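Asks:
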Amino acid sequence: MGPPQAKAAIEECLAMGADDGIILSDRAFAAADTLATAYALAEGIKKHCGDFDLIFCGQKAIDAETGQVGIQVAELLDIPHIAYVASLEIDAENRQVRAKRLDDEGYSIVVGNIPILLTASKFLNEPRLPTLRGMISAKRKPIRIITANELGGDQSRYGLKGSPTIVSRVFTPPQRNEAKILSKDPEKAAEEFVNILIEMKIITKKQSN
Amino acid sequence: MSRTTTANSNQDPSTYRGVWIWVEVRNGKIKDVSLELLGTGRKIADAVGEPLEAVLMGYEVELLVGELAAYGAEKVYVAEHPLLKNFASDGYAHVLEYLVKTKKPSVVLLGATFNGRELASAVAARTNAGLAADCITLDVNNERQLVQIRPDFGGKSLSAILTPRVRPQMTTVRPGVIKKSEPNWGAKCAVEKIESKLSEEDIRVKILETVEENRSQSENIENAEVIVSGGLGLKTQENLNLIENLALALKGTVGGSLAIVERGWLPSMRQIGQSGKTVSPKLYVAVGISGALQHTVGMENSDLIIAINSNPNAPIFKVATYGIVGDLFQIVPLIIKKIEEVTGGQLTAPVAR
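So the protein lines, in turn, are chains A and B.
Each residue of the first sequence is one higher than the last, beginning at 1101 in the numbering used here.
Each residue of the second sequence is one higher than the last, beginning at 13 in the numbering used here.
As structure tokens, then:
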């Protein structure tokens, strides 16, 4: 889901080996928070990705880094998900995946049945680079652009209208007192620094005998 | 529970009441972040005139209620089930979704841990709630709405986020952002036991094994009393040895900015800032760090901050207590030499808080 410029991102994916791409693009999708974004993506997947087996999402995007969209897409599609995936094994025969799922204390090894959504941690792999050949063949691969009307679904759940959260204002943090600047002379400054340390009892002066 | 929540089912905020903390438990202990949230939850509950309640899920966890009461919970919902023994998104989201839909809290706060963030996302989707991740401050405005403040995408300013039309208002907050309140041991609270009708089939992702990776004490940067942190001003990875030596002299831990962690100079567990760790040590020394907002939100609550930077206009000087404007390559070695002179080159005494 994105503005027309998102085409460049899809083209990069095609150059890396994807077969085709879809952009959900419409003013109606604009100003979507994570839930409204997830809803649009889920509708797009339901209508245009047929009987999918695996959905991969990044763990988080570099703008807001909320890490919410992937998991929310899975919930809206009513499929299981595994988040924070650091390694992955696919058992196609038994239609199962086995993954290393990171957490604060270490990790767990988990299994889930396909269809399933996975959010990829940065440890999952090194992305391959688009090759020149890939970039050329990408130009021949189809990219569909789908508007909100074409997508269907509950139009009130897209974009700003469908976003439970809004940014009410943006502001700069309140000004604090500036730091007390120590001596310009490096030797003196070092001495003042060390005196502060002694005062704070972070280091103790050696006792002279 | 039906996955098809209609968008309009929770658009009457006036019928929602209660400030909730989801309590995260690991190895039978309540995680610090949950206790930290009870402190801020108390302020929010007072400001909106609603009760402060905690949601405790797991297996054989009821004995933890006393600690939650000590930190301010007026009531604890206890949902125990063998299938809740270990965190799994499906099981926990199933129970929390049920509780949110039946009890209708106006605010739900969770620690922004791996599990907390996953659970929050899943429950927000299931209940059509508004969720803001990684907030650094929570306020209540004149309309008694929760104001969720987080650094914005550019990292230069703060955004205030509201969830005006639907409930609950959900937030995740990182560990260390809020300081724990003083506990009142012996405080009592109400307990409501929740029957969770969970079956194996409800939990679609099964855990085969769990591995705890032993982080040695010295690596646990959040507990460090002294942190010496380096930024791009160091210029090369090799120059990190200046930071390491100063940390050694101060019996402290090495930290780093996002910029140097991204370059692979330090592992991500040492990253301080919005997308890393939040710390509040007794002493934080920022060397060659410019002080972008996304960094300072991770260390501004330190007791004492000393910054060393060649740029007198570096934003770090707005956050630091003391500053040295100069060449770190000259100054840091001088400081280390001075420390050795003063302490007689001996090991320093452990820092008492």
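Every residue, glycine too, gets a C-beta built ideally from N, C-alpha and C.
Fair warning: this is a prediction, and the values are worked out from it, not measured in the lab.
Do the region 248-265 of chain B and the region 309-318 of chain B make contact, defined as three or more Cβ pairs closer than 8 Å?
Replies: With fewer than three CB-CB distances shorter than 8 Å, the region 248-265 of chain B does not count as touching the region 309-318 of chain B.
Asks: Can you name the residues of chain B whose CB is closer than 7 Å to the CB of residue 1209(A)?
Replies: For the C-beta of residue 1209(A), the chain B residues within less than 7 Å are, from N- to C-terminus, 220, 221.
Asks: In the DSSP assignment, what residue or residues form a beta bridge with residue 1189(A)?
Replies: Residue 1189(A) has 1198(A) as its beta-bridge partners, per DSSP.
Asks: Using 9 Å as the limit for Cβ to Cβ distance, is residue 290(B) near chain A?
Replies: No, residue 290(B) does not count as interfacial toward chain A.
Asks: How long is the line joining the alpha carbons of residue 164(B) and residue 170(B), rounded to whole angstroms?
Replies: 5 Å
Asks: What residues of chain B sit near residue 1185(A), judged by a beta carbon separation below 9 Å?
Replies: Here the premise fails: no neighbours, minimum Cβ distance about 11 Å.
Asks: Determine the chain A residues that contact residue 224(B) at a beta-carbon separation under 7 Å, and present them in chain order.
Replies: What residue 224(B) touches in chain A: 1205, 1206.
Asks: Kindly indicate which residue of 1119(A), 1123(A), 1238(A), 1109(A) has the alpha-carbon position closest to the one of residue 1251(A).
Replies: 1123(A)
Asks: Keeping to the same chain, check which residues put their C-beta closer than 8 Å to that of residue 1187(A); ignore five residues upstream and five downstream.
Replies: 1199, 1200, 1223, 1224
Asks: Please report whether the beta-carbon of residue 1269(A) lies at a distance below 9 Å from any beta-carbon of chain B.
Replies: yes
Asks: Take residue 1302(A) as the anchor and find which of 238(B), 220(B), 195(B), 249(B) has the nearest alpha-carbon.
Replies: 238(B)
Asks: Could you tell me whether the region 122-139 of chain B touches the region 257-272 of chain B, using the rule of 3 or more Cβ pairs below 8 Å?
Replies: no
Asks: List the residues of chain A that residue 337(B) touches, going by C-beta distances under 9 Å, in chain order.
Replies: 1281, 1282, 1284, 1289
Asks: Could you check the C-alpha separation between residue 1271(A) and residue 150(B) for me, to the nearest Å?
Replies: 15 Å
Asks: What are the partner residues of residue 69(B), as DSSP defines its beta bridges?
Replies: 91(B)
Asks: Does chain B have any CB closer than 9 Å to the CB of residue 1230(A)?
Replies: no
Asks: Reducing DSSP to helix, strand and coil, say where residue 201(B) ends up.
Replies: Coil.
Asks: Going straight from the alpha carbon of residue 230(B) to that of residue 58(B), what length do you get?
Replies: Below a pLDDT of 50, predicted positions are generally treated as unreliable, and residue 230(B), at 45, falls in that range; the measurement from the model is reported next regardless. Taken atom to atom, the span from the alpha-carbon of residue 230(B) to that of residue 58(B) is near 39 Å.
Asks: Could you give the residue range of the beta strand (DSSP E) that holds residue 1217(A)?
Replies: 1216-1220
Asks: Tell whether a beta-carbon distance below 9 Å holds between residue 50(B) and residue 83(B).
Replies: yes
Asks: Assuming residue 130(B) is part of the alpha helix (DSSP H), what are its boundary residues?
Replies: 126-139
Asks: Given residue 1206(A), which residues of its chain have a CB within under 7 Å of its CB, disregarding the five upstream and five downstream residues?
Replies: none
Asks: Evaluate contact between the region 102-121 of chain B and the region 1232-1247 of chain A, counting only Cβ atoms and requiring at least three cross-stretch pairs below 8 Å.
Replies: no
Asks: Does the ligand ATP have a heavy atom nearer than 8 Å to the CB of residue 223(B)?
Replies: With respect to the ligand ATP, the structure offers nothing, as it holds no ligand at all.
Asks: Identify, in the order they occur along the chain, each residue of the same chain with its Cβ nearer than 6 Å to the Cβ of residue 1190(A), setting aside the five sequence neighbours on each side.
Replies: Cβ within range, chain order: 1197.
Asks: Whose C-alpha, out of 129(B), 303(B), 332(B), is nearest the C-alpha of residue 317(B)?
Replies: 332(B)
Asks: Beta carbons nearer than 8 Å to chain B: which residues of the region 1132-1159 of chain A have them?
Replies: 1133, 1134, 1135, 1138
Asks: Is the beta carbon of residue 126(B) less than 9 Å from the beta carbon of residue 1139(A)?
Replies: no
Asks: Can you tell me the Cα-Cα spacing of residue 1267(A) and residue 246(B), whole angstroms?
Replies: 36 Å
Asks: Output the distance between the C-alpha atoms of residue 1103(A) and residue 1141(A), rounded to the nearest integer angstrom.
Replies: Each residue's Cα considered, the two are about 14 Å apart.
Asks: Closer than 8 Å by C-beta to residue 275(B): which residues in its own chain qualify, once you throw out the five before and the five after it? Chain order, please.
Replies: Excluding residues up to 5 positions away in sequence, 249 lie with their Cβ nearer than 8 Å to the Cβ of residue 275(B) in the same chain.
Asks: So with CB distances below 8 Å, who are the chain A contacts of residue 190(B)?
Replies: Residues of chain A passing the Cβ test: none, with the nearest at roughly 17 Å.
Asks: Name the residue from 344(B), 241(B), 300(B) whose alpha carbon lies nearest to the alpha carbon of residue 325(B).
Replies: 300(B)
Asks: Do you know how far the Cα of residue 349(B) is from the Cα of residue 119(B)?
Replies: 53 Å
Asks: Using 10 angstroms around the beta-carbon of residue 1336(A), count the other beta-carbons present and answer buried if the total reaches 16, otherwise exposed.
Replies: The structure shown does not extend to residue 1336(A), since chain A is modelled only from 1101 through 1309, so no value can be given for it.
Asks: Contact defined as beta carbons within less than 8 Å: I believe residue 56(B) pairs with residue 152(B). What is the distance between those atoms, to the nearest angstrom?
Replies: 6 Å
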